[in-house]
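Numbered by this note's numbering, the letters in the sequence shown go through residues 2 to 157 in order. Think of the CB as a built atom: it goes at the ideal place given N, C-alpha and C, for glycine as much as any other residue.
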Amino acid sequence: MECVFEQTIVTPAVAFICDMGMLTNDPTIPEKVQAHLKVLERFDGMQPDYRLNGIAIRHWDDYWFGKSMLRGDTLPHYWACLTARSWQDYAELSGDKSFLPRAQNAIRNCLCTFHEDNTASCAYMYPFSIDGARGEFYDEWANDQDFALYFALQIL
């Protein structure tokens, strides 16, 4: 069964409300987006490992987008950068600069899927073992990494 509710269902709500607030200059909009931010926070891990720090949990993304097709936790996955963009949008809208370090942390941690030898990966398979297969590796396929780079150029 696929996930019925995940981080990229919430990030568009934050983006659209923030965009509306920036277009209209309505001072009530920042308060209206806060409920969505609280939901979005629930997807973020705040663990010492950079792959789990400010990174939204993603399930099965390697199955859909990777070569190994494992149904495990993919931390990070490039779609986690949408949360970073949400933090930045809210900081810009509300003037609350405390969200900027969160945005920067999240996007930097998403960039670990790019390697020093100029290769990249669609996801890191975080668990030690996934359905009996060894985890803790970057998937061989690189696809859509430009997505994370696009947001990194805006945030960093």
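Check for me: the alpha helix (DSSP H) holding Tyr151 runs from which residue to which?
The residue you call residue 151 lines up with position 150 of the sequence shown. Residues Gln146 to Ile156.
Helix, strand or coil for Ala143? Go by DSSP, reduced to three states.
Residue 143 sits at position 142 when you count from the first residue of the sequence shown. Correct three-state label for Ala143: coil.
Among all the DSSP beta bridges, which residues are the ones paired with Ser130?
Within the sequence shown, the letter at position 129 stands for residue 130. Paired residue(s): Arg135.
Cβ distance (whole Å) where Arg103 is taken to contact Leu76 below 8 Å:
Working through the sequence shown from its first residue, we reach residue 103 at position 102. Working through the sequence shown from its first residue, we reach residue 76 at position 75. Not a contact, Cβ separation roughly 17 Å.
Grab the span of the alpha helix (DSSP H) containing Gly22 for me, first residue to last.
Translated into the one-based positions of the sequence shown, residue 22 becomes position 21. Looking at the DSSP string, the run of the alpha helix (DSSP H) that includes Gly22 is Gln8 to Thr25.
Considering just the uninterrupted stretch of the alpha helix (DSSP H) at Asp90, what are its terminal residues?
Translated into the one-based positions of the sequence shown, residue 90 becomes position 89. Start and end: Cys82 to Ser95.
Any idea if Phe152 is buried or exposed, counting beta-carbon neighbours within 10 angstroms, 16 or more meaning buried?
The residue labelled residue 152 in the question sits at position 151 within the sequence shown. Classification for Phe152: buried.
Quick one: using the 10 Å Cβ neighbour count with 16 as the cut-off for buried, is Thr114 buried or exposed?
Within the sequence shown, residue 114 is the residue found at index 113, counting from 1. By the 10 Å Cβ count, Thr114 comes out buried.
Measure the C-alpha to C-alpha separation of His60 and Cys111 and round it to an integer number of angstroms.
For the purposes of this step, residue 60 is identified with residue 59 of the sequence shown, where counting begins at 1. For the purposes of this step, residue 111 is identified with residue 110 of the sequence shown, where counting begins at 1. If I take the Cα positions, the gap works out to 16 Å.
Asp45 - containing alpha helix (DSSP H), residue span:
In the sequence shown, counting from the first residue as 1, residue 45 sits at position 44. Not the alpha helix (DSSP H): Asp45 falls in the beta strand (DSSP E), residues Asp45 to Met47.
Spatially closest choice to Arg135 from Met70, Asp20, Gly55 and Glu42, by CA coordinates:
By 1-based counting over the sequence shown, the position of residue 135 is 134. It is Met70 whose Cα lies nearest to the Cα of Arg135.
For Asn110, report the span of its alpha helix (DSSP H) as first-last.
Reading the sequence shown from its first residue, position 109 is the one you call residue 110. That run of the alpha helix (DSSP H) goes Phe100 to Cys111.
Nearest by alpha-carbon distance to Gly55: which of Arg109, Leu154, Asp118 and Tyr91 is it?
Residue numbering aside, residue 55 sits at position 54 when the sequence shown is read from its first letter. Of the listed residues, the one whose Cα sits closest to Gly55 is Arg109.
List the DSSP bridge partners of Thr75.
Translated into the one-based positions of the sequence shown, residue 75 becomes position 74. According to DSSP, Thr75 bridges with Met126.
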